[in-house]
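*Asks:* Numbering (numbering that gives the first Met the number 0), first residue to last: 0 to 165.
Using N, Cα and C, we set each Cβ at its ideal position, and we do this for glycine too.
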Amino acid sequence: MEPASRAFADIPVVQSVRDAGHLIQRLNDMALHEETIRWGIERIDTSELLGSCGFNFWQLEGAFRGEFGCELSSKHSGYGYMTEAAGVVAAFGFEVMGLNRIEALVDPRNERASRLFERLGYSREGLLRDYRHTLEGFVSVNSYALLRREWEQAREEQDSSYADSI
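#1: As an exercise, report each continuous beta strand (DSSP E) stretch of at least 3 residues that is fully enclosed by the stretch 45-133, in chain order.
#2: At the level of alpha carbons, what is the spacing between W57 and V88?
#3: Let's test the definition: count the other Cβ atoms within 10 Å of the Cβ of I43 and tell me whether it reaches 16, buried, or not, exposed.
#4: For I36, report the span of its beta strand (DSSP E) as first-last.
#5: With DSSP collapsed to three states, give me the class of S15.
#6: According to DSSP, simplified to helix, strand and coil, what is L145?
#7: Please report how far the alpha carbon of F67 lies from the alpha carbon of V16, in whole angstroms.
#8: If N99 sits next to L146, beta carbons under 8 Å apart, how far is it from one beta carbon to the other, in whole angstroms?
#9: Hey, how far is the Cα of L71 from the Cα of A90?
#10: Please report the distance separating the alpha-carbon of A85 from that of E94.
#11: Tell me whether the beta-carbon of R37 lies closer than 8 Å to the beta-carbon of G53.
#12: What number of angstroms, rounded off, separates the C-alpha of S159 from the C-alpha of W150?
#13: With the cut-off set at 8 Å, would you say E110 and S142 are in Cβ contact?
#14: Do you know whose CA, among F137, Q152, S139, lies nearest Y121's CA?
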């Protein structure tokens, strides 16, 4: 991942094919133990890997919630790839996993990510001060969330407006 995309990411730096292999193996192991699940974002026409997204963790008892995480190569930003991928992941979370709430934690300096979640219907719930410890030290994050009922309502409205247009 290039420096511009790494600015807000909290994942290990990948500097070689070997590093990439270790990261992929770690993510696969975590998915096997149902600790996390990530999908690659790939261009269909070129098979180029653009980024990844998925659930950093989830809780199916009590809260029925999951934390969405994503990163995208900066040269592919602004083309709708992450919007499409995040929509698919939300559908998977609500329909397959049975989540009631999907959360996203965003670095306050990452305006592009904030706009993405607002565009997708997530509500900004507030600032979590010194929430994470990174290489920079403790950092604060904005908390965004999308509830199942909000997602279902948005889908119904989208289906209705499509039906009205035909």
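*Replies:* For this structure:
#1: 48-58, 64-71, 100-105, 122-133
#2: 13 Å
#3: exposed
#4: 36-41
#5: coil
#6: strand
#7: 26 Å
#8: 7 Å
#9: 20 Å
#10: 14 Å
#11: yes
#12: 14 Å
#13: no
#14: Q152
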